[in-house]
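Colleague:
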Amino acid sequence: MFLALSAAAAVATTCPNMTAFRSRTIIDSFDPAKLNGLWYEQAYIDVAQIGATCQTLNSTFVPHEHDWSLPSPSSSSRDTINGNVVMAFKVNYGKIPFTITELYTQNQPPANGSYTKTAEVPGGKLLKLDTVFVDATLSADGTTYDTVTIASCIAPLDAAEVRELIFATRIPTASNATLAAMEATARGLGIEFSTSQLRLVTRNGCP
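Taking the working numbering, the leading residue of the sequence shown gets -3, the next gets one more, and so forth.
Here it is, written out as structure tokens:
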């Protein structure tokens, strides 16, 4: 979630090279159009989500040649590599639903899975999170992604860095084995976090 602070203690004043945390799948063949649709957050590191429940993300790929405000074109006319991603991030705080639109703008020069994340809130464009899609697994038919891991970092005004980490799937509640595999992949790619930092999403009473 945007404006997130990592639960980890920060010791550096600049973010690492986030592109180093991408899997071979992301580097070689990431297709942001396959993120389209609804995602259920399973676990996260993000202090801004404390007290939140029922977290979901709704993703839309927007090719560079199309304006952000226009609907995404059909898949037959998409450039499946060069473009931006819009994610509507929805949570409940108590019984109050809250949605924020997060914009993932492709970094230049383009590198698969490498983006700058901002948010459509007052002053949101001034805070830019260096973000990568760490890993994603394909559905059985290869038309969409079934799981996705996203990592972000920001070091505002050379202050201590803050990070966030998101594990999400297409189903409301993933198995322990699926989440464990996602965590292991992230750690294997160099993302450092402890189990105590990771928060599991609560879905009791979610629609």
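All residues carry an ideal CB built from backbone N, CA and C; glycine is no exception.
Look at the alpha carbon of Tyr36 and the alpha carbon of Leu53, and state the distance between them as a whole number of angstroms.
Modeller: Along the sequence shown, read from residue 1 onward, the residue named residue 36 stands at position 40. Along the sequence shown, read from residue 1 onward, the residue named residue 53 stands at position 57. Straight through space, the alpha carbons of Leu53 and Tyr36 are spaced by roughly 6 Å.
Colleague: What is the DSSP secondary structure of Ser110, counted as helix, strand or coil?
Modeller: As a position in the sequence shown, residue 110 is number 114, starting the count at 1. DSSP places Ser110 within a strand segment (E or B) once states are collapsed to three.
Colleague: What residues in its chain sit with their C-beta under 6 Å from that of Val87, if we drop five residues either side in the sequence?
Modeller: Taking the sequence shown and counting its residues from 1, the one referred to as residue 87 is at position 91. Taken in chain order, the residues that qualify are Ala48, Gln51 and Phe94.
Colleague: Which residues in the same chain have their Cβ closer than 7 Å to the Cβ of Thr21, if we skip the five residues on either side of it in sequence?
Modeller: Position 25 of the sequence shown holds residue 21. Closer than 7 Å at Cβ, skipping near neighbours: Asp131 and Ala132.
Colleague: For the alpha helix (DSSP H) containing Gly33, list its first residue and its last residue.
Modeller: Within the sequence shown, the letter at position 37 stands for residue 33. Here Gly33 belongs to no alpha helix (DSSP H); instead the beta strand (DSSP E) covers Gly33 to Ile41.
Colleague: Measuring straight from C-alpha to C-alpha, what distance separates Gln38 and Arg199?
Modeller: Numbered from its first residue, the sequence shown carries residue 38 at position 42. Numbered from its first residue, the sequence shown carries residue 199 at position 203. If you take the alpha carbons of Gln38 and Arg199, they lie about 9 Å apart.
Colleague: Given a cut-off of 8 Å, decide if Glu160 and Ser148 are closer than it, judged by their beta-carbon atoms.
Modeller: Numbered from 1 along the sequence shown, position 152 holds the residue referred to as residue 148. Numbered from 1 along the sequence shown, position 164 holds the residue referred to as residue 160. One thing to note: Ser148 has its Cβ within 8 Å of the Cβ of Glu160.
Colleague: Can you give, in chain order, each stretch of the alpha helix (DSSP H) that sits fully within the segment 141 to 185 and has at least 4 residues?
Modeller: 172 to 184
Colleague: Given that a residue counts as buried once 16 or more other Cβ atoms are within 10 Å of its Cβ, and exposed if not, what is Asn13?
Modeller: Walking along the sequence shown from the start, residue 13 turns up at place 17. Label assigned to Asn13: exposed.
Colleague: Rounded to whole angstroms, what's the CA-CA distance from Ser19 to Pro203? Just pull it up for me.
Modeller: Counting from 1 along the sequence shown, the entry for residue 19 is found at position 23. Counting from 1 along the sequence shown, the entry for residue 203 is found at position 207. Between Ser19 and Pro203, the C-alpha separation is close to 33 Å.
Colleague: In this structure, does DSSP put Leu196 in helix, strand or coil?
Modeller: Walking along the sequence shown from the start, residue 196 turns up at place 200. Reduced to three states, the DSSP call for Leu196 is strand.
Colleague: Is Lys91 helix, strand or coil by DSSP?
Modeller: Stepping through the sequence shown from its first residue, residue 91 is reached at position 95. Secondary structure of Lys91 (DSSP, three-state): coil.
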